[in-house]
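Here is the structure we will look at, set down as C-alpha cells.
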Amino acid sequence: MTQLSQNGSQLSDQVNTILNLLRQETELNPTLNPSDVEADLKKVIAPKFYIVFAGAFSAGKSMLINALLRRELLYTAEGHATGTECSIEYAEADEEQVIITFLSQTEILEQTEVLCSRLQLDPLTDLDDTDAIQSLQQACRNIIEQEGGEGRSDRAKQAKALSLLLAGYQKNQERIGVKENNTYSMGEFNFYNLTEAASYARRGSNSAVLKRLDYYCHHPLLADGNVIIDTPGIDAPVERDRALTYEKIKDPDTSAIVCVLKPASAGEMTTEETELLELIQNNPGVRDRVFYVFNRIDETWYNGQLRQRLEQLISEQFWDSDRVYQTSALLGFYGSQI
Numbered sequence: 000m001t002q003l004s005q006n007g008s009q010l011s012d013q014v015n016t017i018l019n020l021l022r023q024e025t026e027l028n029p030t031l032n033p034s035d036v037e038a039d040l041k042k043v044i045a046p047k048f049y050i051v052f053a054g055a056f057s058a059g060k061s062m063l064i065n066a067l068l069r070r071e072l073l074y075t076a077e078g079h080a081t082g083t084e085c086s087i088e089y090a091e092a093d094e095e096q097v098i099i100t101f102l103s104q105t106e107i108l109e110q111t112e113v114l115c116s117r118l119q120l121d122p123l124t125d126l127d128d129t130d131a132i133q134s135l136q137q138a139c140r141n142i143i144e145q146e147g148g149e150g151r152s153d154r155a156k157q158a159k160a161l162s163l164l165l166a167g168y169q170k171n172q173e174r175i176g177v178k179e180n181n182t183y184s185m186g187e188f189n190f191y192n193l194t195e196a197a198s199y200a201r202r203g204s205n206s207a208v209l210k211r212l213d214y215y216c217h218h219p220l221l222a223d224g225n226v227i228i229d230t231p232g233i234d235a236p237v238e239r240d241r242a243l244t245y246e247k248i249k250d251p252d253t254s255a256i257v258c259v260l261k262p263a264s265a266g267e268m269t270t271e272e273t274e275l276l277e278l279i280q281n282n283p284g285v286r287d288r289v290f291y292v293f294n295r296i297d298e299t300w301y302n303g304q305l306r307q308r309l310e311q312l313i314s315e316q317f318w319d320s321d322r323v324y325q326t327s328a329l330l331g332f333y334g335s336q337i
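Just so we're aligned: 81 in numbering that gives the first Met the number 0 is position 82 of the sequence shown, and the numbers increase by one with no gaps anywhere.
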C-alpha cells in the first residue's frame, strides 16, 4: 500500500507538471481539457475504483454481480427487483459486515403516492391506517391477477412493487424513522454472518423499504480496492430510483460502468437503454471505461431469429468496441455453485 501511494504521488506530480506547462504556453491549443485530465488522474490514484452496474430492470444486474462474486448476496426477481443502491467492497474473511439503511416514512409515502397514481388507486395518506393498507394490497392482488401474473405487464410490476413496499413497511415499522434514514449494523439484527444478513435484505418486502445496503465482502475481485455498485433499473416505476442510477453514472467518483443490456431476450434495445448509452458517451470521465454485457444469451441458443437480431445489433451499433460481452448471469451463478 505504501508503494502504491508513492507511485500515485509521483504520477500526480508528473501530470501536474505537464498541465502547468500547457497552461503557460498560451499559443498551444491542446485537444485535451486539463480539467478532464485532472478528473482522470484523481480516479487513477484513488484507493478505491467504483464500478457502477446500470441497465433496465430485469436485465440481470444483480444476478450478474452474484455470479461474479459466486455468492447469493443481492436480491433478484423478475421485474423491478432492486430499488436501492447496493455497495460491495472488500473485507477480511472474519470482518464481513452489512450496514442497512432504511427509507423514511416520508419517502415511503412519496413512493406509494406515485405508484397509486400510476395504478389509478386512491392514495395512502397514513401509514398507520391498517385498513387502507389492506385495501391497497388487495387491489394490487386483483391487478396482478387481471394482468395474468406479476411479470406480465408494467401495470402488474407496479402493483407488485406497491404491494412489496406496503408489506415491507409493516414488517419493519419499528426500524423506520419518520423523516430520517435509520441505519443499522447486521449485529443489531442479531445476524452473525453475511449470509444471514444478505438473506434478510434479499426478501422482496424487506428490499422494498431499504434505501442503501453496504456490503463488506471477502472476495479477491474486491481486494485491490474495487467497489461494485448495484443500482435500480433506469426504467424503474419510481422516479427516485431512476434518478439514483443516473446520478451514479454522472458521479465524478465513478470509475467504470458495466451496462447490462436486454436485447438477447427482448430482441432490440429499449428507449431507456439507448438514452443510457448516449448519456454515458457524453460523459468523458467514464466513456473509455464502459463495458457492455448482453445478458440472457441462453435465450438465443434455440431461437435463430432472436440470435440473428442480436448479432445484427452488435455489428451495427457496437462494431468499434472491444468491450462487448455476451453471457448468462443466471447460468453463470448456478454453475459457480456446483
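Backbone N, C-alpha and C fix where the C-beta goes; we use that ideal spot for every residue, glycine too.
Burial state of residue i (16 or more Cβ within 10 Å)
i, result
"Q280", "exposed"
"A53", "buried"
"M0", "Model confidence at M0 stands at a pLDDT of 45, short of 50, so the residue's coordinates are unreliable and nothing is read from them."
"Q104", "buried"
"N189", "exposed"
"R286", "exposed"
"I87", "buried"
"I337", "exposed"
"D229", "buried"
"A242", "exposed"
"P251", "exposed"
"E272", "buried"
"T129", "exposed"
"E246", "exposed"
Close-in-space but distant-in-sequence residues of the same chain around residue i (CB under 6 angstroms, 5 per side omitted)
i, result
"G224", "P46, K47 and F48"
"G266", "L305 and R308"
"F290", "V257 and R322"
"L178", "The residue asked about is misnamed: residue 178 is Lys in this sequence, not Leu. Contacts found: S103 and T105."
Cutoff 8 angstroms; reference residue i; Cβ partners in own chain excluding five residues on either side
i, result
"E91", "H217"
"E238", "V113"
"I175", "F101, L102, S103, Q104, I107, Y168, N181 and V208"
"A222", "Y89"
Proximity to residue i [Cα-Cα], best of the options
i, options, result
"G284", "T270, I256, A263 and K210", "I256"
"N180", "Y301, C258 and I99", "I99"
"Q172", "L102, T299, F52 and E298", "L102"
"S134", "S152, G147, L161 and V113", "L161"
"G226", "G232, N302 and Y215", "The question names Gly, yet the displayed sequence has Val at residue 226. Looking at the Cα atoms, Y215 is the closest of the given residues."
"L193", "N141, D153 and Y89", "Y89"
"T124", "E109, Q136, A138 and L118", "E109"
"Y183", "R201, K210 and R202", "K210"
"T269", "K249, I233, W300 and G303", "I233"
"E277", "Q316, S152 and S335", "Q316"
"T326", "E271, R288, V259 and G303", "V259"
"L120", "D130, A138 and L126", "A138"
Range of the contiguous beta strand (DSSP E) that encloses residue i
i, result
"L413", "The structure shown does not extend to residue 413, since the chain spans only 0 to 337, so no value can be given for it."
"N225", "N225 to D229"
"S184", "T182 to S184"
"S86", "E84 to Y89"
"Q96", "Q96 to F101"
"I50", "F48 to G54"
"A255", "T253 to L260"
"Y324", "V323 to Q325"
Cβ-based neighbour list, residue i, same chain, cut-off 7 angstroms, excluding 5 preceding and 5 following
i, result
"G78", "Caution applies to G78, whose pLDDT of 49 falls short of 50 and renders its modelled position unreliable; the model cannot decide the point."
"G167", "S204, N205, A207 and V208"
"L67", "L220"
"A80", "A caution first: A80 carries a pLDDT of 49, below 50, which makes its placement in the model unreliable, though a value can still be read off. Correct list, in chain order: F56, S61 and Y74."
"E112", "P122"
"E298", "A263, S264 and L305"
"I143", "E149, A155, A158 and K159"
"Q96", "A90, S184, M185 and Y215"
Span of the alpha helix (DSSP H) around residue i
i, result
"E267", "Segment: none, E267 is in no alpha helix (DSSP H) and carries neither H nor E."
"G167", "D153 to N171"
"F332", "A328 to Q336"
"Y245", "E238 to K249"
"Q119", "That residue, Q119, is in no alpha helix (DSSP H); it is neither H nor E in DSSP."
Neighbour flag for residue i against chain C, beta carbons, 8 angstroms
i, result
"T253", "Among the chains in the structure shown there is no chain C, since it carries only a single protein chain."
Exercise for review: Could you name each continuous beta strand (DSSP E) segment of 3 residues or more that falls completely within the region 270 to 321, going from the start of the chain to the end?
Suggested key: 289 to 293
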